[in-house]
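For the protein sequence lines, the chains are A and B, in the order given.
According to the working numbering, the stretch in the first sequence is residues 1 to 328, in order.
According to the working numbering, the stretch in the second sequence is residues 1 to 395, in order.
Just so you know, even glycine gets a beta-carbon here, dropped at the ideal spot from N, CA and C.
See structure below.
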Amino acid sequence: MEGEELPGLLVNEIGGIHGILHGHVAFLKKHFYLITMKEFLANKKQMGKKIQAIYLWWHKPVIDQELLQSLPNLKVIANSGVGMEHLDLKLVASFGVKMANAPRAVSSSTADTGMALLLASAIRLVEGYHLAISSHVEYCEADFLGVEVTGATLGIIGMGRIGYKIAVRAKAFEMNILYHNRTRRKEQEEQAVGATYCEKKENLLQQADFVMVVVSLTPQTHKLIGKRELELMKPTATLINISRGAVIDQEALVTALQTGVIRAAALDVTYPEPLPRDHALLKLKNIIITPHLGIKTDKATYMITEEAVENILAALHGLPMPSEVLPS
Amino acid sequence: MFRSKTFSLLKPISLMSGQPRLAYKCIHPAIASHGHRCHRRSVDARERYKSCPGSAGGRTISAPQTKIMAEEELPGVLILDIGGTHGVLENLAVLLKKHFCLITMKEFLENKKEMSKKIQSVFVFECRPTIDQELLESLPNLKVIGNSGVGVDHLDLKMIANFGIKVTNTPHAVADSTADMGMALMLASARRLVEGCQIALSPDTKYFAVDWLGVEVTRATLGIIGMGNIGYKVAQRARAFNMRILYHNRNQRKEEEEAVGAHYCEKMEDLLQQSDFVMLVVNLTPETHKLIGKKELGLMKPTATLINISRGAVIDQDALVEALQNKIVRAAALDVTYPEPLPRDHPLLKLNNIIITPHIGTATVQALRMMAEEAIANMLAVLNGQPIPSEVFPK
Chain A
1 MEGEELPGLL VNEIGGIHGI LHGHVAFLKK HFYLITMKEF LANKKQMGKK
51 IQAIYLWWHK PVIDQELLQS LPNLKVIANS GVGMEHLDLK LVASFGVKMA
101 NAPRAVSSST ADTGMALLLA SAIRLVEGYH LAISSHVEYC EADFLGVEVT
151 GATLGIIGMG RIGYKIAVRA KAFEMNILYH NRTRRKEQEE QAVGATYCEK
201 KENLLQQADF VMVVVSLTPQ THKLIGKREL ELMKPTATLI NISRGAVIDQ
251 EALVTALQTG VIRAAALDVT YPEPLPRDHA LLKLKNIIIT PHLGIKTDKA
301 TYMITEEAVE NILAALHGLP MPSEVLPS
Chain B
1 MFRSKTFSLL KPISLMSGQP RLAYKCIHPA IASHGHRCHR RSVDARERYK
51 SCPGSAGGRT ISAPQTKIMA EEELPGVLIL DIGGTHGVLE NLAVLLKKHF
101 CLITMKEFLE NKKEMSKKIQ SVFVFECRPT IDQELLESLP NLKVIGNSGV
151 GVDHLDLKMI ANFGIKVTNT PHAVADSTAD MGMALMLASA RRLVEGCQIA
201 LSPDTKYFAV DWLGVEVTRA TLGIIGMGNI GYKVAQRARA FNMRILYHNR
251 NQRKEEEEAV GAHYCEKMED LLQQSDFVML VVNLTPETHK LIGKKELGLM
301 KPTATLINIS RGAVIDQDAL VEALQNKIVR AAALDVTYPE PLPRDHPLLK
351 LNNIIITPHI GTATVQALRM MAEEAIANML AVLNGQPIPS EVFPK
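Here's what the structure looks like:
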């Protein structure tokens, strides 16, 4: 029977607000015997043996010691996205289980989100929209000013795959690109996008009209942007975050936006998501917050699943995995 | 009435009311009791005004080398107003005053006889003042109308030409920021940014649904209708997103095609059928009026997005409402409508698959300044009998 011949793949659920997208199910079923968490918990002994792989969709199911112990044949966990901070990499590795993320599928879409936020904030798109549709007839067109993008200075903090794609896009807007990264990029890569390395992020913060944060969340990048960093920024500058909410000290950001220390912010990520409904960030006028749009397009999500499947199949066949993630 | 907090963005040159050294205050009709006095103020001169001119104290000039020239030396430029709802921004007025004697509509109307002779140029800012036959007849020395912006569809070019008056626009100053606007609208619409923002802020939001998706921009097909200055800059930007670029234009632009990897569609229909995003970047002319109507919308993909940064009248708005309601196209994003603003009960405002912005394509400090500078250069060229950088001719 088809069901028994294919390796078992554990997923949290199908459909619903946190589940695997319905549009991906057919593709997954070509390669795997799908088992939901509910089905697994209803029949742990039987199902447990079938499961050779787990596909994490938006960080679910939660991978803990108990789950790992109940899956004797588990070989690989594939993550739908690039951030892995929700996984205990060492714990998983200690069970001899491999891990993979999906960097290729994520990068273009996330870079597009970064540019969308940068542009929307600069031109004050959301405010403009409300003016255009509001029931108050009179508004002062001539009063309403944004800031220029073409020719402005963009400071990218974190020039990995996604950061670099942002630089490629920003270059077409004739932006002057500065970047700060743990390691310097190759000269040809810098030249291709006209990017200047800032060894000290302080230099970047002081010069940039737009600061885009594109780092992984690690203990080192936790609250990377705090009161001090915000005060180094120009009062006309805009902060954009497409990393993880915890990279920014949110309280410091509230103060900075309230007192005009920086002009505006645009966040695709917050801590937590969503923010509590009475959070101070939600009340500010000079902020755009989006619900973790990152990779939320039809194409990107499908590509993520494709990339995950590629990694899982490679692991199950003992072949090199395209994007294996090892504990550091 | 006066500027809001947003003006904290402006560099120090901006003039906020209440500060003593304001030329604006000096020529404000309410203060200048003898209306025709027009004080040119140089930013270099160290003048100090004891009080506003026209009041009892008069003014004191501390610097002997006067850069304050009598108004007869500078050509007069008519503007609607400085500040206020539709007036020229204060910092742009400063730029104008370097080269012209500034005369507001109010000052002109209060003293038509004297003022009319001085006015050699009109600076049209956001379509104002309105240029009609009556105004032109009352300005015997008018030589040029300098428009701030590239679109001149609000000007009756034939009528103006009949008076022997030249018209100039500012194609270079608007191009970058308008192209940026086009990209901003395309990305915002594709990724459902405005809707997303509402979800993120809504008091009812408890979670972010993972099956809430937008459409991809990278590697999608963009069809640019109108590949002029601005259209070309849009293509340059879109290329960096790996977009496949199609364009339709009155003329093929072979050289530029290669530079941005754009494919020419002689038939607009071909472009409409293949594009994921259709961007309108044409002038408004009789030929482009309602260029996009029911037929054109019907040719577009049901997953496609229409973006308009031209003029509202390029789209048949009724047809657009229908197309959006019936999901003939996925969504639209408009920086321009007809009229602006739309009546508050217009059906376009009720749709949830549309983004409308209040014609803010060039609403940045930098763009407005560049437009004023380009208009000034054009007007001075006309008045000095020099080659005119961007004159506009009636068809």
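Please tell me whether residue i has its Cβ less than 8 Å away from any Cβ of chain A.
i: E216(B); result: yes
i: Y24(B); result: Note that Y24(B) scores a pLDDT of 30, beneath 50, so its modelled location is shaky; the value from the coordinates is reported in the next line. Output row for Y24(B): interface = no.
i: R177(B); result: One detail in the question is off: residue 177(B) reads as Ser in this sequence, not Arg. Cβ-Cβ to chain A under 8 Å: yes for S177(B).
i: I79(B); result: no
i: P358(B); result: yes
i: I355(B); result: yes
i: Q236(B); result: yes
i: D132(B); result: no
i: R330(B); result: no
i: A30(B); result: Its pLDDT being 34, under 50, A30(B) is placed unreliably in this model, and the value from its coordinates should be taken loosely. Cβ-Cβ to chain A under 8 Å: no for A30(B).
i: F277(B); result: no
i: D180(B); result: yes
Quick check: is the beta carbon of residue i nearer than 8 Å to any beta carbon in chain B?
i: L319(A); result: no
i: H18(A); result: yes
i: F144(A); result: yes
i: E202(A); result: no
i: R169(A); result: yes
i: E273(A); result: yes
i: M233(A); result: no
i: I329(A); result: One cannot answer for residue 329(A) here, as it falls past the ends of chain A, which runs 1 to 328.
i: S135(A); result: yes
i: R277(A); result: yes
i: A132(A); result: yes
i: L9(A); result: no
Out of the options, which one is the CA nearest neighbour of residue i?
i: E296(B); options: L271(B), S310(B), A313(B), V282(B); result: L271(B)
i: T178(B); options: K290(B), E256(B), V217(B), T362(B); result: T362(B)
i: V365(B); options: L74(A), N43(A), A122(A); result: A122(A)
i: A319(B); options: V174(B), K294(B), M379(B); result: K294(B)
i: L6(A); options: E324(A), H317(A), L275(A); result: H317(A)
i: T290(A); options: A200(B), A220(B), L351(B); result: A200(B)
i: S108(A); options: Q52(A), A300(A), G96(A); result: A300(A)
i: Q258(A); options: Q46(A), H31(A), L284(A), V92(A); result: L284(A)
i: Y338(B); options: I360(B), V217(B), I315(B); result: I315(B)
i: L78(B); options: V278(B), N91(B), F125(B), A313(B); result: F125(B)
i: H130(A); options: R344(B), M186(B), P75(B), P394(B); result: R344(B)
i: A304(B); options: Q133(B), A190(B), H289(B), N91(B); result: A190(B)
i: G329(A); options: R124(A), V147(A), E310(A), E189(A); result: What is shown of chain A runs 1 to 328, which leaves residue 329(A) out entirely.
i: G76(B); options: L351(B), M379(B), P387(B), E287(B); result: M379(B)
i: D204(B); options: F27(A), E66(A), P276(A), G260(A); result: P276(A)
i: V106(A); options: K60(A), S243(A), D278(A), I20(A); result: S243(A)
i: E476(B); options: A161(B), P394(B), I230(B), L222(B); result: Examination of residue 476(B) is not possible in this model, given that chain B is present from 1 through 395 alone.
i: S328(A); options: E85(A), P103(A), L28(A), L34(A); result: E85(A)
Under the DSSP definition of a beta bridge, which residues are partnered with residue i?
i: N79(A); result: L56(A)
i: R244(B); result: T221(B)
i: G8(A); result: Y33(A), I51(A)
i: Y197(A); result: Y179(A)
i: H263(B); result: L246(B)
i: I131(B); result: DSSP, once it has assigned bridges, lists no residue as partnering I131(B).
i: M99(A); result: I77(A)
i: A370(B); result: Looking at the sequence shown, residue 370(B) is not Ala but Met. DSSP output for M370(B) lists no bridge partner at all.
i: L267(A); result: N241(A), I289(A)
Residue j and residue i - do their beta-carbons sit closer together than 8 Å?
i: L224(A); j: V211(A); result: no
i: K201(A); j: H180(A); result: yes
i: A237(A); j: A208(A); result: yes
i: K50(A); j: G8(A); result: yes
i: V254(A); j: L281(A); result: yes
i: I288(A); j: I295(A); result: no
i: M120(A); j: A266(A); result: The residue asked about is misnamed: residue 120(A) is Ala in this sequence, not Met. Yes, they are a contact pair.
Mind checking whether the beta-carbon of residue i lies closer than 7 Å to any heavy atom of the ligand MN?
i: I79(B); result: The ligand MN is not among the ligands present in this structure, which contains no ligands whatsoever.
- Message: For the region 192-215 of chain B, list every residue whose C-beta sits within 7 Å of some C-beta in chain A, in sequence order.
- Response: Residues L193, V194, G196, C197, I199, A200, L201, P203, T205, Y207, F208, A209, V210, D211, W212, L213, G214, V215.
- Query: What residues from the region 281-301 of chain A come within 7 Å of chain B, judged by C-beta to C-beta, listed N to C?
  - Reply: Taking 7 Å as the Cβ-Cβ cut-off, the region 281-301 of chain A approaches chain B at L282, I288, I289, T290, P291, H292, L293, K296, T297, D298, K299, A300, T301, given in chain order.
- Where the region 332-351 of chain B meets chain A: residues whose CB sits under 7 Å from a CB there: When CB distances to chain A are screened at a threshold of 7 Å, the residues of the region 332-351 of chain B falling below it are P341, R344, L349, in chain order.
- Item | Under 8 Å (Cβ pairs) to chain A, residues found in the region 359-381 of chain B | If the cut-off is 8 Å between Cβ atoms, the region 359-381 of chain B has H359, I360, A363, T364, V365, Q366, A367, L368 near chain A.
- Query: Going along the chain, which residues of the region 103-130 of chain A sit with their C-beta nearer than 8 Å to a C-beta in chain B?
  - Reply: Cβ contacts with chain B: S108, S109, A111, D112, T113, M115, A116, L117, L119, A120, A122, I123, R124, L125, V126, G128, Y129.
- Which residues, in order along the region 22-56 of chain A, keep a beta-carbon less than 7 Å from a beta-carbon of chain B? So nothing in the stretch comes that close.
- Residues in the region 164-189 of chain A with C-beta within 9 Å of chain B's C-beta atoms, listed in sequence order? Legend: CB atoms of the region 164-189 of chain A lying less than 9 Å from CB atoms of chain B belong to residues K165, V168, R169, A170, K171, A172, F173, E174.
- Message: Using a Cβ-Cβ cutoff of 8 Å, what residues of the region 148-162 of chain A are near chain B? List them in chain order.
- Response: So the list reads E148, V149, T150, G151, given in the order they occur along the chain.
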